[in-house]
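In the UniProt record's numbering, the protein residues as written are 1 to 1208.
Where is the CB? At the ideal position from N, CA and C, for every residue including glycine.
A quick note: this is a predicted structure, and the numbers were derived from the prediction, not measured.
One structure is given here, and the rest of the page talks about it.
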C-alpha cells in the first residue's frame, strides 16, 4: 500500500479543516440587522411561554427554513426556562421503506417509545431512581473502588465493635491494646455502622418502591394481574414514568423536532393528552409547554388549530429562488470564486435546504482539496450536489450501477437512434437529388444546344447555315447527339478549329423541263475558338459558369448527404449532452424505465455530469500514462486550450485515453494528436475523430492551426481533404487568411477535387506562386491543375522553365506584353534585365523560329494580340508585309486595325490593299502620301472628297507639293472637290491653292465655299467674273460681295443692275476711291430710288450730286442738303442750288431754312439777321445779294449782318 500517498491525503485533510462549516443550526443574534427579522419568531415564542393557557405551540416552516436555529436561539437567550429537546431524526420513517409497510399503531408505538427513551436516558439513573424502566447501570472505576472500600470498612467496623473470637489474632491485639485507641475506634466503628445501615435501608426502600405486582402465587394456584389489551399505547403503559420524570426534574419546556417526518397526525393528539396530564398533575405542580417544530403542510384546514394553542411560522432563509446567492456567498467565504455564475445558478435551483447547502459546500471543499486542482470545478460542484441529493445512486456509481451510470452508458443506444434519423434524412435528400438530377439532365442538354446553335450562327456568316454535324473524336456526329453527351460536347469546345458537314442546295432540270431543287452534303472547316461562341451566346457569363450555376442545387444536396454520412458514424466524438438536447428523458423509450430525476436530466443536458465522471469521484495514480500527458488530457476535458505545439510524451497512449467528447472542443487542436489520428485512418474510429476535428476547425475558425499543422507535419493531406469535403467556401476563407501555407496546401491537396471559380481566378493571377513551388507541389499535379481548371495565367515568369514551356505550349496564359515577351525571351534564350518596353512586334516575333509556339498562339488570337500585346514603340515599326496582312485580314476587327495601324512608320500602296479596306487605310494613315494614291482613292469614292481623305491631305500637305504626276483633267477634278468647299483649314487651303496654281473655275458651284476660302480663291484668280458668280454671290454669299465687287469693279459697274440695292454695298462703293466720275454717277443713279436718307448717305452722295446737279431733281437735292452734316460742303452745294433756282425765291427760302436755325433768320425779314463771319457765309450772302434775295450785308465785328429788301 502507498503509505506516503495516504499520509499526504491525511495531511491535506488536516490542512483543510478550517474550510469546514458546522452543520448545526446557527444561533441568531438579536442585535444583528441580518438576523433581526428572523429573531422575531424567538420573541413570539418567548412571549407565549409566559402565557398560562398556551401549552402546545407549533413552530411551522419547510425543511431548512431555520426552525432549529430559532429554537436554539430561544434556549440560549431565555435561560429561565428549563428546556428538554427531543428529536426523532434518527427514527426511520415508514414512508422511506415502501417494501415493508407497517400499520399506523405500530408506527405510533415506535414514535412513543423513542420519545420515552429520550426522556429516560436524558437524566442519570440516580435522578430517576424509582423508574421501573431498567437500564444498564454503570459505575465508574473509582465508584467501584469506593464501594468496595466502604464494604470492607463496614466489615472492619463490625469486627472492631463485636470482636469475634474466631477472628482474634493475639499479636495484633497486643500491639493495638490501648484504652484511648480502643475507645475512639469503637466510637468511629459504631458511627460508621449506623450511618451505613441507614444508607442501605434508604436504598432498599427505593428499590422496593419501583417494583410492580403482576402475579400473586398462592398455595393452590396463582393470580395474574393483566393490563387492558385495548390500552396498548406506550404512553398509556408508561404514563406514570412520564409523570415521574417531570416530577423529579425541572423541565418546563419540551421541544419536539422531526415529528412531521412520519406524516402522522394521531401522535400529536397523544402528545397533547400527555401535556394535559402533566399540567393537571399535582405531583408535577408546574406548567409544562410543548413546542413542536413541524413543516407547514403537515396539517390541513382546521387540523392546524385542533392540535396547537399557538402557531408561529418561520419564513425560509433560502429556497430555489435565492439559494444561488447563498451558495455563492458560502463558496466565496471559503475562497472559491472561480466558479461559473451561470452554473451555480443552475445548480442552486435544486437546493432549498440551508443545512444541505452547507454540507454541499463542505464536501466540495474536501473533494477540491483532494482531487486534481486542474479539474473543472463547475463539474465537481455539480457532482457534489448530486451526491447530496442522491447519495445511494452516487455510491452505486462506484460499483458500476445505478441510474446515473445507466444513463451515461445509454450513449450507444442514442447513437443508433441518431443514425436512424440521419438515414431517414439522407433518404429524403436522395429523393430530392434524384428528382433534381432528372430535371438538370434536360436543362444541361438545352444549354449545350444553345452553344451548338452559337456555332451555327458563327458559320452562317459564311453562308453555311445548314450545318447538321460536327467532327468530334474522329467521327462526324449529329448536333443532337453532341448536345446529349457532355463528353462529346467538351471535346467539341476544346478544338481550336471546327470541321463540319452542311447541306448544299442545287437545282436540276427534269426530263419534262421542270426545275427541281435538291440538296447535297458538303464538308468544310473553320478556325473558331469557343470563347468567340461564348461571346455570341452570352457576353457576361461563360458556358462553365452557367453550367456551374445550373448544378448549384444538385451540388448543395450532395454536400448535405456527404456531411450527413460523415456524421452518421461519429460514435466517438459526440458528447452525450449533445445527444440529449432534444430528448425528454422522462418519456423517451430509452430512459423511461430508469426514472431519471429532473436534477439528473438537467445536469446531463448541461454537460455538468458526463463521461469523465470518474475524474471527479476517484484519484489518478498515473500508471498507463505519465502525469504530463494526463494533465494534457485533463485540460482537454476542462476545455482549456493549450499551445498547438504542446509536446506529448506518449502520443499513441495519450490519444487512446482522450475521451470521445473532447474531439468536439477547440482544445483538441494539438499538432501531435491530429497528426497521430491522420496517420492511423485505417481505424474506423479515427475517421470519425478526424471529422470532429475538422468540424472544430470549421466552427471555431481556427485557420491558424491549419497553418501551424501544415508547417509542422510531413503529410497534412487527410485533414485538408476532410475540410474540403465539409466546408463550403473554404477557398474564400483561405484568401481572407492570406497565408502562403494555406495557398500551398490548397494546391497540393484540394484544387484538383475542390476547385472553385474563385480559386481558379486566384491561380490565374498568381503564376509566380506556383512557379516557385513546382517541386513541392509536383509538376504532374500542377499540369493537372492547369489542364482541369483551364487556367489562363495573367502574369507568367521563367522561374520554372518546364512549367513556362508547358503553359506556353498549352496556351494557358493571357496575351499581355509582359507574358509574350517573357515567353519570347525564354525561347530565344536571351538574357534581359527587365521585360518592360522590350522592343517586340509581330515582325520580330515571326522572325524568331524558336518562338514559333508563341507566334502560333498570337496568330490564333491575332485580334486580341494586336490590342493588348504589341503596345511599345516597336509596334509602330511593323514591316510592309505585316501591315498589309493586318489591313487585308477579315478576322481582325476594324477597331483593332485602326488602333494598331495608326502611326505606322512604314507606308503601303493602295494597289496592295483590298479595295474594301482603302478607306480604312487612308484613315489610319498607312498609305504613301502621293497625289496618284490620293486620286486613286478619290476616284474610288466616286470623285467625292470625303472627310478621311481631307484629313489625310491635311496631315501630309507639306509632302504633297508635286502634283505633276496628274494630268489636267485629274487636277481639275481634285481641285473642284478640294477647293470649292470649306473642308480644309485656311493654312492648308492656301497651300492647296498654290499646288493647283493655274486652275480656274468657270461658273462653278461655290455654295460650299465660306468667306475666308472665297477670298483666297479670288486672290488666286481662280474665280473669273461672270454674271453667274455675281448673282450667286448676291443671292447666297452677300457677305463676300464687296470683295467680289472690288476684284471686278469695272465689270460690276457695267453690269450694275445685277448688284443688290443693299445700302452696305452702296456705302462700300461710294467710299471706293476708284468709284469716281461716271462710275460714281452710275452707282448713285442705280441706288438712288432705294435710298432712305440719313446723314451718312447724304454725306457720301452729296459730292456726286453737286458735280452732276443738272441730272438730279429738287427733292433729291433738298434731302441731301437737309441730311448732310458737312457744313462747308452743304454751303457750297446750297450756293450751286441757289444759282440753279435763282428765279424761284420760295425754293431758295426752303433751301436756306434746311440749313438750320442759325441760317433761318436770313429768310425772316422781321428780324435783323446775323451769321458767323467766315468765307463760305460771305460767299452765300454774296450769291443771295447777286440774285436779289437780300439788299446787302456788312461786317459787324465777328458777324455778318444781313439787310433785307423792303418789297420782297
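DSSP-derived helix/strand/coil call for residue i
i, result
"residue 215", "Low per-residue confidence applies at residue 215: pLDDT is 47, beneath 50, and the placement is therefore not dependable, though the value from the model is reported in the following sentence. Strand, per DSSP."
"residue 1199", "strand"
"residue 87", "strand"
"residue 254", "strand"
"residue 944", "coil"
"residue 501", "strand"
"residue 1083", "helix"
"residue 468", "strand"
"residue 521", "strand"
"residue 1193", "strand"
"residue 673", "helix"
"residue 810", "coil"
Spatial distance of residue i from residue j (CA atoms)
i, j, result
"residue 916", "residue 533", "26 Å"
"residue 280", "residue 103", "32 Å"
"residue 827", "residue 863", "23 Å"
"residue 1149", "residue 1163", "6 Å"
"residue 2", "residue 370", "For residue 2, the predicted structure reports a pLDDT of 44, less than 50, and the residue's modelled location is therefore unreliable. A value from the coordinates is still provided. Roughly 16 Å between the two C-alpha positions."
"residue 896", "residue 1039", "46 Å"
"residue 1210", "residue 192", "This structure gives no information on residue 1210, because the portion of the chain shown stretches from 1 to 1208."
"residue 118", "residue 79", "21 Å"
"residue 28", "residue 59", "16 Å"
"residue 122", "residue 391", "32 Å"
"residue 421", "residue 564", "10 Å"
"residue 1203", "residue 1169", "8 Å"
"residue 937", "residue 892", "22 Å"
"residue 736", "residue 617", "46 Å"
"residue 1198", "residue 1066", "41 Å"
"residue 222", "residue 244", "Its pLDDT being 47, under 50, residue 222 is placed unreliably in this model, and the value from its coordinates should be taken loosely. Between residue 222 and residue 244, the C-alpha separation is close to 30 Å."
Contact under 8 Å by Cβ, residue i with residue j
i, j, result
"residue 985", "residue 954", "yes"
"residue 408", "residue 611", "yes"
"residue 921", "residue 887", "yes"
"residue 483", "residue 445", "yes"
"residue 1154", "residue 1122", "yes"
"residue 253", "residue 84", "yes"
"residue 719", "residue 690", "yes"
"residue 669", "residue 702", "yes"
"residue 1095", "residue 1124", "yes"
"residue 696", "residue 664", "yes"
"residue 309", "residue 57", "yes"
"residue 707", "residue 672", "no"
Nearest candidate by alpha-carbon position, reference residue i, set the options
i, options, result
"residue 242", "262, 266, 270 and 261", "270"
"residue 1130", "818, 1152, 1111 and 1113", "1152"
"residue 909", "881, 900, 892 and 899", "881"
"residue 65", "54, 960, 941 and 351", "351"
"residue 866", "560, 766 and 840", "840"
"residue 364", "397, 345 and 330", "330"
"residue 877", "860, 894, 857 and 900", "900"
"residue 924", "1158, 1090, 940 and 950", "950"
"residue 796", "788, 789, 808 and 787", "808"
"residue 902", "805, 912, 873 and 1037", "873"
"residue 889", "918, 342 and 598", "918"
Proximity test, residue i beta-carbon vs the ligand COA heavy atom, cut-off 7 Å
i, result
"residue 337", "Of the ligands one can find in the structure shown there are none, so the ligand COA has no counterpart to examine."
- Query: Below 8 Å, can you find three or more Cβ-Cβ pairs linking the region 322-334 to the region 283-290?
  - Reply: Short answer: they don't touch.
- Query: Should the region 781-797 be called in touch with the region 719-732, which here means at least 3 C-beta pairs below 8 Å?
  - Reply: no
- Do the region 249-269 and the region 33-41 touch if we need at least three Cβ pairs shorter than 8 Å? no
- Item | Touching by the beta-carbon criterion (3+ pairs, under 8 Å), the region 1135-1150 and the region 1089-1103 | no
- Message: With a threshold of 8 Å, are at least 3 pairs of Cβ atoms found where one atom belongs to the region 371-384 and the other to the region 637-655?
- Response: yes
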